[in-house]
Amino acid sequence: MKLNKEAIPVAMQAPGTIMRNLPGYGGMTVAFNQMPAGTDLGPLLQGLKNNSCQCPHWGYVLEGEIVMKYDDGTEETLMTGDVFYMQPGHTAVVKKDTKLIDFSPEKQLKEVLEHVAKKMAEFS
Numbered sequence: 000m001k002l003n004k005e006a007i008p009v010a011m012q013a014p015g016t017i018m019r020n021l022p023g024y025g026g027m028t029v030a031f032n033q034m035p036a037g038t039d040l041g042p043l044l045q046g047l048k049n050n051s052c053q054c055p056h057w058g059y060v061l062e063g064e065i066v067m068k069y070d071d072g073t074e075e076t077l078m079t080g081d082v083f084y085m086q087p088g089h090t091a092v093v094k095k096d097t098k099l100i101d102f103s104p105e106k107q108l109k110e111v112l113e114h115v116a117k118k119m120a121e122f123s
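The sequence shown begins at 0 in numbering that gives the first Met the number 0 and counts up one residue at a time.
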């Protein structure tokens, strides 16, 4: 099974941000995300448990730099070329324009994305 990233449907879009995702990869959702420097995901996650994303993600940073902040107080910086696992209970701040691909459990990601969509509507 293969897919060009342009064929992945756009789930959310904002200035400088494109979030594409498609479920159906063995219970996982494939996502391709672009976010500009300065993006803070924290406000979009307010209201979830610990005000953070509770969905795990596995992926690869194509370009950029993003600081992950975990509920346990640890932080790590993901940069171009890094393969990653984001444990449940995280938020992030984008330090340099970032493009990444990740895979996430369908059900958990759907819950987070529905919450984020509601938050984006509130901010509009």
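Beta carbons are placed, not taken as given, at the ideal position from N, Cα and C, and that holds for glycine.
Values in this document were obtained by computation on a predicted structure and should not be read as measured data.
Residue i, buried or exposed, once every other Cβ within 10 Å from all chains shown has been counted against 16
i           : result
residue 2   : exposed
residue 123 : exposed
residue 133 : One cannot answer for residue 133 here, as it falls past the ends of the chain, which runs 0 to 123.
residue 67  : buried
Euclidean distance between Cα positions of residue i and residue j
i           : j           : result
residue 37  : residue 71  : 23 Å
residue 16  : residue 98  : 10 Å
residue 62  : residue 31  : 12 Å
residue 80  : residue 115 : 27 Å
residue 19  : residue 48  : 24 Å
residue 110 : residue 8   : 18 Å
residue 6   : residue 50  : 32 Å
Where residue i sits in the DSSP three-state scheme
i          : result
residue 23 : strand
Of the residues the options, the one placed nearest residue i, counting alpha carbons only
i           : options        : result
residue 103 : 4, 51, 5, 24   : 24
residue 106 : 81, 43, 53, 83 : 53
residue 34  : 51, 92, 119    : 92
Any non-hydrogen atom of the ligand GDP closer than 6 Å to residue i Cβ
i          : result
residue 19 : This structure lacks the ligand GDP, and indeed carries no ligand of any kind.
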